[in-house]
C-alpha cells in the first residue's frame, strides 16, 4: 500500500500543486488561482478543496496520504506559522498547518517558499545526493535557500539564506529594493545584469550587438555565447560579484554544492564558467571543493520541495 | 542519583578538562600537558587516565558518567572523526570516540574546538537562552562557531563558521595566513588591529599615545577609552570591517545573537559600540534585530561546550 504526498507552492498569482508517490515521482501537477481577496481568507480553503478533489479523482484513501507540504512567500517558523503574515497574499500572522487541519485531517508542514525550493533541488533536482547545499535563485532578485545536514536553515526571523542582500559593493549610489545600497541582488539578478550592461554601454562607444534591441539578462548571455566583447565584460563583472559573494557564503556555511537556478540560469553552463573561477580565487581553502550545478526542477522546485518536507 | 559529564578541550600545549554535573555547573577543572610526541599517540590515553583518576578521586560510579565531550583543533565530522587529523597534535585521521572507548566505556562525542566553544557560550555563557547563535573569537586570528537551532553547524569539510576568512577587502597586498588576501581576520583579530594601528601611525604625524610604547589590540582600546583620536580612528576602521562582515554573516544564517569573545573582547562594551552601528547600517532589514553580547566563559568555553555536547 503505497503512500502519497501533496506539494503546494503558494504564489501571488497562482498556487501550484503536485501529487507525489513516496519514491518522489510526481504523479500529477496542476494550478489554481490565488484568491487574494479579503485578506486571502480563501487561499487555504481553496487548496484543501483542490486536494480533496484530487484525492477523490484518483481514488486515494485519505489514510494513504502521508501529508501535505506547503511553501509560502514569507517568513515561516518551525511550527509552520507565518510570523509576519504574507504581504503578497494579504495574510496577517497565521499558522498554515492549523488552517489546513480545519479541512483535511492529514499531517501538514510549511516553510518559506525559497527554502522549500532549495529543499526540492536537494531532494530531486540539481543537488540530489547532497545534504549540505546552498540554492541560489537568480531571478528578478537573488534568492537563496540553505540546507544543512538535510534540513532547511530557517534562521531567527525566517531570513536564513537571504544572500541577495549581502552588502558586496561600497561604491553604489542606487538603492536596492530593501533600501540598502550595494546588495548582491543589484548585480547578480536578471535586473542586476541588465543594470550592469546598461552602465557598460553608457561608458563608451565600444560596439556590441546589445546596442540594437532590448538589453536583458538573456540577451546579454546570448551575446556572450556569440562572442560579443562588451557582453563578455558584463558577464565577467557579474561573475566577479556572484563568485565573490558565494565565497563569502562558503566561509559561513561550508556547503558541498551550490545549485544555481532562476530565470538567469537558463543561460546554462556558460554562466557557471564566469562564477566558478572567481569563487575558487576568493574562497577559503577548506571550502574550495564546493561543487557548482544548475538547478533542474525549474518552476516545479517548490512543489517538489514541499512534498519532500513530508516524504524526505 | 545525579549524573556527571566530562568536558575535554584539547589544545596544542595543554588539555583542559572539566567535571560537570547535569545542571551544567562545573565541579572541578584541571589541565594536563598535551603529549605531542610520536604522532600524539598518548594524548587520548592520557585524557582517559586523567578522567579515570578523577572518577576515583571523587568516588563517582562509572555508570553515573553520562559521557565525555571533546573539542579538538581541526575538522571533525558528525561521527567524531578528525577527517584530516590535527597538525597541532601530530594526529593523522582518527576517530576520537573509538580511541577513548578503548579505555573508558562511556558515551563520547567530539567536535571542532571553535565550534565547541561556541556551543559552550550558548549553553552556559553569553548566549545562554538562544538557539541560533554566531560566536566570534577575536584572538590571534578570527574564529567563528555557528549554532543553528541548538546544533553546531559543522559544514561539508568541517569549515562551517570560518568567518575569519571571508574576503572583505580588495585593496590588500599582504597575505593572510590562509594565503588569500583581504580576509576579515587581517583587520579584526588582535594582530589585525595592530596592523591597522601601525598603518595609521605611519600615515602622518597625528599625535597619539600609541607613538610611545607597544602597539597591541589592548593598547589601542586602552587609548580609545582615554579618548585618543588616532586610536579612535583605528577602532572605527576595525568596527567597519567587523560590523560589515557580521552583516554578511547575518544575511546567510540570520542568528538571534552574536557572542563576541577572544582576547580582544576583553576591551569590553566599548568594542561592541564600534561594531553594532556598522552592523545595523549594512544588515538586511529582517536580520537587523540580532543582538550582540560579550562571551563570558573565557578560556573555559571549550570545556563547557564539550560537556554540553553530552548534557545539552
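Chains as they are written, first to last, in the working numbering: chain P, 1 to 312; chain A, 1001 to 1312.
In this text, a Cβ means the ideal position worked out from N, Cα and C, and glycines have one as well.
What you are looking at is a predicted structure, and each value in this text was computed from that prediction instead of being measured.
- Not a single CB atom of chain A sits nearer than 9 Å to the CB of residue 113 of chain P.
- Taking each of A:1150, A:1117, A:1288 and A:1078 in turn and checking the Cα distance to residue 1016 of chain A, the smallest one comes out for A:1117.
- Within the same chain, and ignoring the five residues on either side of residue 291 of chain P in sequence, the residues whose Cβ sits closer than 6 Å to its Cβ are 257.
- Going by beta carbons, residue 1153 of chain A and residue 1115 of chain A fall inside the 9 Å limit.
- For the segment 1252-1265 of chain A, the set of positions with a beta-carbon nearer than 9 Å to some beta-carbon of chain P reads 1252, 1253, 1254, 1255, 1256 and 1257 in chain order.
- The beta-carbon distance between residue 251 of chain P and residue 1206 of chain A, rounded to whole angstroms, is 35 Å. This is too long to meet the 8 Å contact definition.
- The Cβ atoms of residue 230 of chain P and residue 208 of chain P lie closer than 9 Å to each other.
- Between residue 140 of chain P and residue 190 of chain P a beta carbon distance of about 6 Å is seen, short of the 8 Å cut, so the two are scored as contacting.
- Looking at A:1040, A:1162 and A:1035, the one whose alpha-carbon comes closest to that of residue 283 of chain P is A:1162.
- Below the 7 Å Cβ cutoff, chain A contributes no neighbours of residue 118 of chain P, its closest Cβ being approximately 13 Å away.
- Residue environment for residue 33 of chain P: exposed (fewer than 16 other C-beta atoms within 10 angstroms of its C-beta).
- In the three-state reduction of the DSSP assignment, residue 1291 of chain A falls in the strand class, which pools E and B.
- The contact set of residue 282 of chain P on chain A, defined by CB atoms closer than 8 Å, consists of 1167 and 1180 in chain order.
- Interface criterion met: the Cβ of residue 1244 of chain A is under 9 Å from a Cβ in chain P.
- Buried is the label assigned to residue 240 of chain P, since at least 16 other Cβ atoms lie within 10 Å of its Cβ.
- Under the three-state reduction of DSSP output, residue 21 of chain P falls in the strand class.
- Comparing alpha carbon positions, the residue from P:126, P:19, P:107 and P:74 closest to residue 265 of chain P is P:126.
- For residue 174 of chain P, no Cβ of chain A is located within less than 9 Å of the residue's own Cβ.
- A Cβ-Cβ distance of about 16 Å is found for the pair residue 1260 of chain A and residue 1248 of chain A, leaving them out of contact under the 8 Å criterion.
- Residues of the same chain with a CB within less than 8 Å of the CB of residue 22 of chain P, apart from the 5 flanking positions on each side, are 2, 3, 4, 5, 66 and 311 in chain order.
- Residue 294 of chain P and residue 1026 of chain A have their C-alpha atoms spaced approximately 50 Å apart.
- When 8 Å is used as the limit between beta carbons, residue 132 of chain P is near these residues of chain A: 1155 and 1156, in chain order.
- Straight through space, the alpha carbons of residue 113 of chain P and residue 10 of chain P are spaced by roughly 8 Å.
- At a Cβ-Cβ threshold of 9 Å, residue 1253 of chain A and residue 1146 of chain A count as neighbours.
- Relative to residue 177 of chain P, the option among A:1285, A:1048, A:1037 and A:1305 whose CA is nearest is A:1285.
- Looking at the backbone, the Cα of residue 108 of chain P and that of residue 245 of chain P are separated by about 35 Å.
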